[in-house]
Amino acid sequence: MAITRNNHFVPQWHQRGFLEPESSTLAYLDLAPPTKVLACGRIIEERSLFDAPTKRCFFQTDLYSTFFGTEVNDEIERRLFGDIDTRGSQAVRAFAGTDIAAWHEHFGRFFEYIDIQKLRTPKGLAWLRAQYPALHQNELMMEMQGIRMLHTTIWTESVREIVSAEDADVKFILTDHPVTIYNHALPPEAPQCAFPHDPGIALKASQTLFPLSREHCLILTNLEYAENPSAPPLEKRTFARNFRQSMVRTDKIIRTRRLTDLEVSQINRVLKARAQRHIAAGRREWLYPEQEATGSWADLAVTLLPPHDELWNFGGETYVGFKDGSVRYQDAFGRTEKERETLKKVLSTKELALGAPCGCGSGHPYRVCCKSRPLALRPSWTERSIRERNLVFHRGILSILGLDTGKDWTAVRRELTDDQIREVYFLYEALWPLETDLLSLLPKPDGRPRAVYTGSLHPQSIVEFALGASLYFGDLIVETPFVHSGTIAEKFRPTEHPRSYHLEFLKAVAFFLNVMPLVDAGLINLIPDPWTFDYHLRRETMAMAEDRAAGIDISLRGEPRLEELVRVDLMRDMLMWPRNAQEARMRENFPDLDAAGIAETLSELERLKEEDPLAALQDGIFDGGKEGGQMRLMQMGPNFEIAMYLAQATGATIVTDSAFRWQEIIRAARPRLGAPPARFRQLAGNLADAEFLFPDNPDRIIRMAREGILAGYPALFGEMFRYLADVVKRGPRPNFEAGLAARFARTHQAAQKALRKRGEFGNDGRISCVFAPTGIQDNTINRLLLMSSSEHHLQMVPMAFYIQRSDAKA
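Whatever position you read off the sequence shown (first residue = 1), add 502 for the working numbering.
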C-alpha cells in the first residue's frame, strides 16, 4: 500500500465548499512567500498569489507521519483522520443545512470535528508543542490524540449562530487555521496572540469562528458575553471546565442573520489576521478584506455579536426527571449544584490599603501578598480562599466536638457520636462543593518559594518532617486527609454511615488540629484532594498510575516509617478489641497467667488505650452487622501525578519523606538522550552531607518563622528554582552556581547552630535532592494541565527534595 505523506490539514472536501460555481481552483495567497537568491546575488520574493486545485492547497509533507527508524507510518492520516473526516464532512453539511433532525444526529460529531480541526493545523500543532519542554514527532502525534475533545464542552454550552453570506457579493474565505478565535481586547499584535497562541476560548469575550462554506460561518459566543458585551473580556467564563458531562439543546441555533458585503469582509479580516501563512477564496479580491473592513480590531466586535433578542434560547436552568424518581439539575454554565452564596466575596472597587489583609484571603498584608502580582497570577478574590474555608472548618470542628467549651481530647474520644461525625463531614462537603475551581484558589507560578508535600497523611507521621519543612521550603502545599462524601458511593459515605468512619475521623481531626496553627499563620496551604472536583482528572490520573505502577514495587519494603505506622495501628486495634477477645488472646498466648494477672494486664491495656490519642474510647467499635466494622485508609497524598500537577500549576518544588514517592520522582527525572549535564553538583553534595533539624511543635515553628531564623533557606531554594527553570533557555552560569553552593554552606552552618543554641527540639533529618538537567517532567502531566484549562503553569518541575531520618540507610 502506498504511503500518504502529503497531509492535508484542511481536508479537500472542506476546501471544495469554498469553490465558486463551475470552478475547480481556489485563489491561494501566501502571506509570507519564500525568497530566492538569484545567480547575481539579488534576493527576490517568490510568487505569493496563484490559483490552485484543492490538492495543492493546505497540505504539508509528513505533518502526521510517525517514524520508526527509517520506516514511515501514515496510520494517523489514514485511520484517525480518515474516520474523523468522513464523520466531519457529514456533520458540516448537516449544519450548513436547516434540517433540525440532522443537527441532532450529528451534533457530537460536529463539535468533535471542529475540535480536531483546531489542533491538526501546523499552527495548532505548534501551539501543542509549545506546551511541553520537548516533543519529538511521534510524541507530538500521541499528545495530539490524547488532548482531543479539549474544547467541546465549552463550545456546546455557548450561544451557537450560523451567519449567511447568501445575500452578499463577498463570500467567506478559508485559512490554514480555520477554527479562529476572536477577542476584541486582544488584537493580533498582543503578546497573548504571538504565534502560535490564540486567545483562550474560555475567556468571556472570546468567540470562535469557523467558516463552514463560502456561504455559511459558525460563530460560538460565551453566554455571559452575549448577554453583557461590557463584561470583563479577559476574565474566564463561569465554570470553564473541560471534559465534563453537560446537557444542551441540540436544536437551538440562531440562523436569522444574512450579512452584507462589509460584514462578510469584517469576518474575513478576523480569519485572515489569525491565519499562519496561507488563505484561500473563490475570488482573488476576497483575499484582501482589510481594504474594505477598516477600523480598529475592537470595532469588529459589533458584527460578531449574536442578536440579543435570540438569546432566550440559551442558558437558563434545566431539570431532568428519571424513572427512578431522581432529578438532574444544571444551570446555564453546566453546574449541577446551586451556587453557595456563603462562599462568595464582594470584590471591592477600590484598591486595598497596603497594610490591609490581602483580598486573596492568605492572611498576609496586601503589600507583601498580591500587590506585586499581575491580576492573572493572583488567587481568586471573589471566593473564600482555601485558608478561609479551613478557618471556618476549624471553628466548626471545635464547636461540633465541644472543644471550644473546654472539653479535652480524651473526653471527645469517649463521648464521640455518629451525629457529630456526620455533621463534620456535612460541613466539609458544604465548604467544598464538587464544582469548586481549585486551580483558581491556588497560587500561580510567581517566583515565590513554595513546595508541594507528598507523603503519608497519618497524623503521627506528618509532624515528623512535613510541619518543619515549611521553614525550609516556603509556603508548603499539603493535602487534607478528610474525604468528601460526594465522591463516594452512597453505601460507603461517612455522612450516611458515620460509625464506620469513627477511627478515620479521629485520625483526620487529629491531623487537622495539628496542622491548623500553621495554616492560620500562612505557612501551610492545606488543600482538598484535587480529584474531588474533577472526575476526568481522577480517571486519567488513576489510569496513568496503574500503567506506571507496573514497573514499581508498591509493597511497604523500603518504607520503614510506613511499616512502623502499620504496626502501631495494629497494636492500637488490639487495644480496642472487646474485653472477652483480649482475655481469650491472653489465655491463648500466656496459658500460665492467672486471673489476677489477666485483670492487671487488662487494666494496663485500658490505660494504654486512654493515653493513645488515636484510639477510640467506646466499646463495640469493631462490632459487625450492616453498620459495623471500620473503614481504614492508608493515605499517601497526593499521588505522583497530582503532586507534579500541583507543582507545575503553582510553581513549586516537590518535597517528600516517602521512599516510594522518591523512586517515582527519580524515574521522571531521568534525562533524555542528549540532555545537558545536571546543575548544582557541588550544592547537591553539600545538601546530602548536611543534617537538618525539623521542629515538630506548631507554636515553635510559627515563632521561628516570625523571627526569620531559617529565612535564608527558602530564599536560597527560591533562587535555585528560578535559575533551573530558565537555565536551558538562558544557558548555565557556573560562577552563580558556585556562589549559591557557598551561600548554602554559610546559611546552613549559622542557622543550625542557632537552633541548637536555642535548645530547639525536633527530628534530625537529611535531605537528598534532584536537579534534573531538563527538569522533572512527564508529558502526561502537561496534558492533564491543558485538560484542566490551566493557562499559567510551568512546563516541568525544576527540582525535588527527599527528607529521611538521619539514621536511615542511604
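A virtual CB, placed ideally from N, CA and C, is assigned to each residue, including glycine.
Would you kindly report the start and end of the unbroken beta strand (DSSP E) that includes residue i?
i, result
"V980", "D977 to E981"
"I1305", "A1302 to R1307"
"D553", "L551 to A554"
"T723", "H718 to T723"
"A782", "H780 to A783"
"N685", "T682 to N685"
"H510", "N508 to H510"
"D1159", "Here D1159 belongs to no beta strand (DSSP E), and DSSP marks it neither H nor E."
"F561", "F561 to T563"
Would you say residue i and residue j are within 8 Å of each other, going by their C-beta atoms?
i, j, result
"L1028", "S958", "no"
"Y1147", "L1008", "no"
"A953", "A1154", "yes"
"W605", "H686", "no"
"V894", "W788", "no"
"V665", "L802", "no"
"Y1327", "H986", "Residue 1327 falls outside the range modelled here, since the chain spans only 503 to 1312, and no answer is possible."
"Q778", "F697", "yes"
"L1005", "Q1132", "yes"
"Q709", "L688", "no"
"P1032", "Y927", "no"
"E1143", "A1052", "no"
"T1282", "M1298", "no"
"Q1306", "A1243", "no"
Using 8 Å for Cβ pairs, my map puts residue i next to residue j. What's the rounded Cβ distance?
i, j, result
"D678", "R776", "Wrong, their Cβ atoms sit about 10 Å apart, outside the cutoff."
"A782", "A529", "6 Å"
"A1151", "L944", "6 Å"
"D576", "R507", "7 Å"
"A968", "D1159", "7 Å"
"V1157", "A971", "6 Å"
"A1302", "L1025", "Contact doesn't hold; Cβ gap of about 20 Å is too wide."
"A1161", "G1214", "Incorrect: roughly 28 Å between the Cβ atoms, too far for contact."
"A598", "H718", "5 Å"
"F520", "S828", "Actually they are not in contact, since the Cβ atoms of F520 and S828 sit about 48 Å apart, beyond 8 Å."
Within the continuous alpha helix (DSSP H) that includes residue i, where are the two ends?
i, result
"L1185", "R1183 to D1191"
"L711", "Unbroken run through L711 is the beta strand (DSSP E), S708 to P713; no alpha helix (DSSP H)."
"Y1225", "G1214 to R1232"
"V870", "No alpha helix (DSSP H) holds V870; DSSP gives it neither H nor E."
"D617", "I602 to R622"
"L1104", "A1097 to E1113"
"G648", "Q639 to G648"
"V750", "Unbroken run through V750: none, as it is neither H nor E."
"V672", "Looking at the DSSP string, V672 is not in any alpha helix (DSSP H), and its letter there is neither H nor E."
"D1049", "Y1037 to A1051"
Look up residue i in the DSSP assignment and give the residues it is bridged to.
i, result
"N575", "T568"
"K538", "I546"
"V829", "G823"
"G957", "G1139"
"R662", "L722"
"K738", "L705"
"E885", "K846"
"V1272", "A1302"
Verify the contact flag: residue i, CB atom, against every heavy atom of the ligand PLP, threshold strictly below 7 Å.
i, result
"L642", "Because no ligand of any kind appears in the structure shown, any question about the ligand PLP cannot be addressed here."
Can you tell me whether residue i is buried or exposed, with buried defined as 16 or more other CB within 10 angstroms of its CB?
i, result
"G626", "buried"
"S1308", "exposed"
"K557", "exposed"
"R469", "Because the chain in this structure spans residues 503 to 1312, residue 469 falls outside the shown range and cannot be described."
"H608", "buried"
"M646", "buried"
"Y566", "buried"
"M1138", "buried"
"K706", "buried"
"D617", "buried"
"N770", "buried"
"H810", "exposed"
"Q1325", "No answer is possible for residue 1325: it lies beyond the span of the chain, which begins at 503 and ends at 1312."
"E937", "buried"
"N509", "buried"
"A1312", "At A1312, the pLDDT of 46 sits below 50, so the modelled position is not reliable and the matter cannot be decided from this model."
"L806", "buried"
"Y831", "exposed"
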